[in-house]
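Taking it in order: structure first as structure tokens, then the write-up.
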Amino acid sequence: MNPEPAKLALSVADVCRACSIGRSTFYEEVKAGRIRVLKAGKRTLIATSEVQRWLDSLANVELKQACRSVKPSKGAAA
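In the numbering used here, the protein residues as written are 10 to 87.
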């Protein structure tokens, strides 16, 4: 039995499920130009490479913001 080949593109529902985001968040990201979509007739597809690019961009932003927002507590030893 041959393994199923890796998917090259995902549906909106698949991306939302895989990334743990809602449809509204997904479409906000598309509208802002942070996620690029493809159209095949009426179907909206997202290349798996695009999903990975978007996730990689989030990781960089989140790490920078997290470092700025971490403040030592008053009782913590330095």
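Glycine included, C-beta positions come from ideal geometry on N, C-alpha and C.
Between the CA atoms of residue j and residue i - distance to the nearest angstrom
i	j	result
Lys-48	Ala-18	11 Å
Val-24	Phe-35	8 Å
Ser-20	Arg-62	16 Å
Status (buried if at least 16 other CB within 10 Å, exposed otherwise) for residue i
i	result
Ile-44	buried
Ile-55	buried
Paired residues, beta bridge with residue i - DSSP
i	result
Arg-32	Looking at the DSSP assignment, Arg-32 forms no beta bridge with any residue, so it has no partner.
Leu-47	Leu-54
From the options, residue whose alpha carbon lies closest to that of residue i
i	options	result
Pro-14	Ile-30, Thr-57, Leu-67	Thr-57
Leu-64	Pro-12, Met-10, Ser-33, Cys-28	Cys-28
Contact check, residue i vs residue j, beta carbons under 9 Å
i	j	result
Thr-53	Val-46	yes
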